[in-house]
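Note that this note's numbering has the sequence shown beginning at 3, numbered continuously upward.
All C-beta atoms, glycine included, are put in the ideal place defined by N, C-alpha and C.
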Amino acid sequence: MGPSRSIPCLVLLLVIASSRASVLEDTCKSFAAGHPGIGYDYCIKFFQASKDSATADKRGLAVIASKLAGAAASSIVDRIHALVASEKDKRIQMGLDDCEQLYSQAVDELD
Numbered sequence: 003m004g005p006s007r008s009i010p011c012l013v014l015l016l017v018i019a020s021s022r023a024s025v026l027e028d029t030c031k032s033f034a035a036g037h038p039g040i041g042y043d044y045c046i047k048f049f050q051a052s053k054d055s056a057t058a059d060k061r062g063l064a065v066i067a068s069k070l071a072g073a074a075a076s077s078i079v080d081r082i083h084a085l086v087a088s089e090k091d092k093r094i095q096m097g098l099d100d101c102e103q104l105y106s107q108a109v110d111e112l113d
């Protein structure tokens, strides 16, 4: 499972993860244990995009994850639009349109 498909799992994990000394570190350790393809370092790097993550509680991390995922999905939608505009092959355009619909739905759900 790729990072973009694991975001819902990450958000759920953030809500139910147990608290210890550092909520962020403990949450990322727990997440990495269940998702070795992503790992602890990716989780920490993901949250470093928000300065508030270092002091956030579990609920705050869930909100941050949702905002970061929404911003990433929005950026991907913009990239897809650029690819569609430059693509001549109708089959590829149709595939990109499908991707655009899925990512646009993700943006709507994460906002």
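Please list the segments of the alpha helix (DSSP H) lying wholly inside the stretch 49-73, counting only runs of 4 or more residues, in order along the chain.
none
Original post:
Are there 16 or more other CB atoms within 10 angstroms of the CB of threonine 29, so buried, or fewer, so exposed?
Top reply: buried
* Got a sec? Which residues, its chain only, sit under 6 Å from valine 86 by beta carbon, not counting five neighbours each side? -> Gln95, Leu98
Between the C-alpha atoms of aspartate 80 and glycine 36, what's the straight-line distance to the nearest angstrom? 31 Å
- Message: Please list the terminal residues of the continuous alpha helix (DSSP H) segment that includes serine 106.
- Response: 92-112
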